[in-house]
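Asks:
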Amino acid sequence: MANANSPKLPAPREQGAPPRVRFCPSPTGNPHVGLVRTALFNWAFARHSGGTMVFRIEDTDAARDSEESYAQLLDAMRWLGLDWDEGPETGGPHAPYRQSQRMDLYRDVADRLLAGGYAYHCYCSPEELEVRREAARAAGRPSGYDGHCRELTAEQVAAYEAEGRPAIVRFRVPDETITFTDLVRGELTFTPENVPDYGIVRANGAPLYTLVNPVDDALMEITHVLRGEDLLSSTPRQIALYKALIELGLAKDIPAFGHLPYVMGEGNKKLSKRDPQASLNLYRERGFLPEGLLNYLSLLGWSFSADQDVFSVAELVEKFDIADVNANPARFDLKKAEAINADHIRRLDVKAFTEACEPWLRAPYANWEPERFDRAAWEAIAPYAQTRLTVLSDITANVDFLFRDAPVEDEASWAKAMKPGAAELLATAREKLGAADWAGPEPLKEAVLAAGEVHGLKLGKAQAPVRVAVTGRTVGLPLFESLEVLGREKTLARIDAALARLGN
Ligand code: GLU
Ligand code: ZN
16 MANANSPKLP APREQGAPPR VRFCPSPTGN PHVGLVRTAL FNWAFARHSG GTMVFRIEDT
76 DAARDSEESY AQLLDAMRWL GLDWDEGPET GGPHAPYRQS QRMDLYRDVA DRLLAGGYAY
136 HCYCSPEELE VRREAARAAG RPSGYDGHCR ELTAEQVAAY EAEGRPAIVR FRVPDETITF
196 TDLVRGELTF TPENVPDYGI VRANGAPLYT LVNPVDDALM EITHVLRGED LLSSTPRQIA
256 LYKALIELGL AKDIPAFGHL PYVMGEGNKK LSKRDPQASL NLYRERGFLP EGLLNYLSLL
316 GWSFSADQDV FSVAELVEKF DIADVNANPA RFDLKKAEAI NADHIRRLDV KAFTEACEPW
376 LRAPYANWEP ERFDRAAWEA IAPYAQTRLT VLSDITANVD FLFRDAPVED EASWAKAMKP
436 GAAELLATAR EKLGAADWAG PEPLKEAVLA AGEVHGLKLG KAQAPVRVAV TGRTVGLPLF
496 ESLEVLGREK TLARIDAALA RLGN
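So in this note's numbering, spot 433 of the sequence shown is number 448, and the numbers just go up one at a time.
Here you go:
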């Protein structure tokens, strides 16, 4: 039975050998925050313990998997800085790391399970299964597979075969209670009626997740399985399969399991991967920093310390311990995510900040002619922007006044700032700014202050029409620094344009 594709039994691991964890998504849809949280916890666990991070692609569902999702997964991991020691493109001793390239191996394992009596052919049709399941439910009995094909005689098998019935391969779960200590939830016990025999290979020969996932964990010598709570019910089944693999010499130890808590979204409902709020790309496009997002996502089920929730990735790695993960559902709080991201933006040095903003200063975000971009002006204004942004994409609207011929026309801002009296104030401000010494923001502030005094207005009120005339908006970066960077000539021209619009 063993052939060139037979799984090679790995050499025994030394005592105290470093842990091996895996992140093993299916390439379907867009990466989402729940997935990233799982990747992050595995990665932090590996990096904290000096272990190995294995990245495996579970692409055995040709109908749902796509190359585009595969590429997005790799891109997301790289953007986040979650590197892997073994996996796609990197390779490693257990290559290939894409399940679609490991099919011979799964067939071989399934054959060995069948030959050893650990699995059997099940000829029940879906309709028959459904009828019996209903009957079991009605009678108040467990509704899992009832073991119908467990002990078929040779005659019964021959009869089914003669009928041309398709057969799946079903794993025989021993009738014993399964107990394991979850790294997050403590000891968990599953009684046999809750762990029925289950399919591992489809009638068409395609191996199922239920087989390929634990088989790869075994062959890749995974020591710790950290994954979402939604997979908890598959763990006792996988432990039963693991025991068979150990008896067949295909696995050494059952890994430790830790099930990470659910992430709840709006209305305290489970955040589904289809929820737009869950899409990683959304956070990327809005300009979350990878370290800001990782910081926030690490807090979904874990905490750094009682009085600190902003920390670097290095600090996270140093502190991370799966034993500190909380079993209770975690709530995704966008406001908190933004606040943490804002803190990370402040932590960048100015050069890193200006570089991080670059994508939002170009198409499709920029609302100015590309050739009008002025690097010197950008670098002059950047330090003022850095202390004010929550997400990097906000930069575009904050600096567009520097790169456009005319400020954006924002009617709401205009209506708010250009109340009666605004024209008079603007005319005085123009005069004072025109006479001011344009050497730093201070004289410009004094000019507007003085203009306000003429009309009995405090600085805040006097500032508003000037800001809207020059930037188009009621909110933005510090005004006098903005005027200075824009320059005297353009500032005065914009005030003139506003006065003209106001009929003066
Ligand atoms: N491919 C599986 C999933 O994305 C992996 C589950 C696991 O971590 O065991 O749900
Ligand atoms: Zn059956």
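Backbone N, C-alpha and C fix where the C-beta goes; we use that ideal spot for every residue, glycine too.
1. Any heavy atom of ligand 3 closer than 6 Å to the CB of Leu304?
2. Residue range of the alpha helix (DSSP H) that Phe60 falls in?
3. Using DSSP with H/G/I as helix, E/B as strand and the rest coil, what is Met16?
4. For Glu426, count neighbouring Cβ atoms within 10 angstroms of its own Cβ and tell me buried if that reaches 16, exposed if not.
5. Please classify Asp420 as buried or exposed, where buried requires at least 16 other C-beta atoms within 10 Å of its C-beta.
6. Using only the alpha-carbon positions, how far apart do Ser294 and Leu507 sit?
7. Checking 7 Å against the spacing of the C-beta atoms, do Arg148 and Ser158 come in under that value?
8. Three or more C-beta pairs closer than 8 Å, one from the stretch 233-243 and one from the stretch 48-65: is that the case here?
9. Can we say the stretch 218-236 touches the stretch 260-276, given the rule of at least three CB pairs closer than 8 Å?
10. Going by DSSP, which residues form a beta bridge with Asp80?
11. Using 10 angstroms around the beta-carbon of Met16, count the other beta-carbons present and answer buried if the total reaches 16, otherwise exposed.
12. With Phe319 as the anchor, note down where its beta strand (DSSP E) starts and where it stops.
13. Here's a check: name, in chain order, each residue in its chain whose Cβ is nearer than 7 Å to the Cβ of Ala392, leaving out the five neighbours to either side.
14. At what residues does the alpha helix (DSSP H) containing Phe368 begin and finish?
15. Just verifying my parser: in three-state terms, what is the DSSP assignment at Tyr133?
16. Just the Cα atoms here: how many angstroms apart are Gly132 and Asp197?
17. Go through its chain and collect everything with a Cβ distance to Thr204's Cβ below 8 Å, but skip five positions before and after it.
18. Alpha carbon to alpha carbon, what distance is there between Ser408 and Lys505?
19. What does the shell around ligand 1 hold, if a residue joins when its beta-carbon is under 6 Å from any heavy atom?
20. Give me the Cβ distance between Leu331 and Ala59, rounded to the nearest whole Å; I'm assuming they're in contact under 8 Å.
21. Between the alpha carbons of Leu517 and Lys476, how many angstroms are there, rounded?
22. Which same chain residues end up closer than 7 Å to Gly487 when comparing Cβ atoms and leaving out the 5 residues on each side of it in sequence?
23. Opposite Tyr213 in the DSSP bridges: which residues?
24. Quick check: does the Cβ of His163 come within less than 6 Å of any heavy atom belonging to ligand 2?
25. Suppose the cutoff is 8 Å on Cβ atoms and the five residues either side in sequence are ignored; what does the same chain contact list for Gly220 look like?
26. Between Val406 and the rest of its own chain, which residues show a CB-CB distance below 7 Å, the 5 nearest in sequence each way excluded?
27. What residues in its chain sit with their C-beta under 6 Å from that of Phe70, if we drop five residues either side in the sequence?
28. DSSP on Asp389, reduced to helix/strand/coil?
29. Go through the stretch 80-123 residue by residue and report every complete run of the alpha helix (DSSP H) that reaches 4 residues or more, in order.
30. Return the chain-ordered list of same chain residues with a C-beta closer than 6 Å to the C-beta of Asp511, the five sequence neighbours on each side being excluded.
31. Could you give the distance in angstroms between the alpha-carbon of Asp336 and the alpha-carbon of Pro34?
32. Starting from Phe70, trace the beta strand (DSSP E) in both directions and tell me its first and last residue.
33. Could you check which residue in Val278, Thr168, Lys284 has the C-alpha nearest to that of Trp317?
34. Go ahead and pull the three-state DSSP assignment for Glu202.
35. Among Asn57, Pro108, Met92, which one has its Cα closest to the Cα of Pro42?
36. If we count Cβ pairs, one from each stretch, closer than 8 Å, do we get three or more for the stretch 386-403 versus the stretch 334-350?
Replies: Taking the coordinates as given:
1. Ligand 3 is absent from the structure shown, which contains only ligand 1 and ligand 2.
2. 48-64
3. Its pLDDT being 44, under 50, Met16 is placed unreliably by the model, and nothing is read from it.
4. exposed
5. exposed
6. 45 Å
7. yes
8. yes
9. yes
10. Paired residues: none, contrary to the question.
11. Confidence in Met16 is poor, its pLDDT being 44 and thus under 50, which makes the residue's placement unreliable; the coordinate value appears in the next sentence. Exposed, because fewer than 16 other Cβ atoms sit within 10 Å of the Cβ of Met16.
12. Per DSSP, Phe319 belongs to no beta strand (DSSP E) and is neither H nor E.
13. Leu417, Val500
14. 365-372
15. coil
16. 29 Å
17. Thr192, Ile193, Thr194
18. 25 Å
19. Cys39, Pro40, Ser41, Glu73, Asn228, Arg242, Leu246
20. 6 Å
21. 18 Å
22. Phe416, Pro422, Val423, Glu424, Asp425, Ser428
23. Phe186
24. yes
25. Arg122
26. Arg301, Gly302, Phe303, Glu353, Asn356
27. Phe38, Trp99, Gly102
28. coil
29. 82-95
30. none
31. 13 Å
32. 67-70
33. Val278
34. strand
35. Met92
36. no
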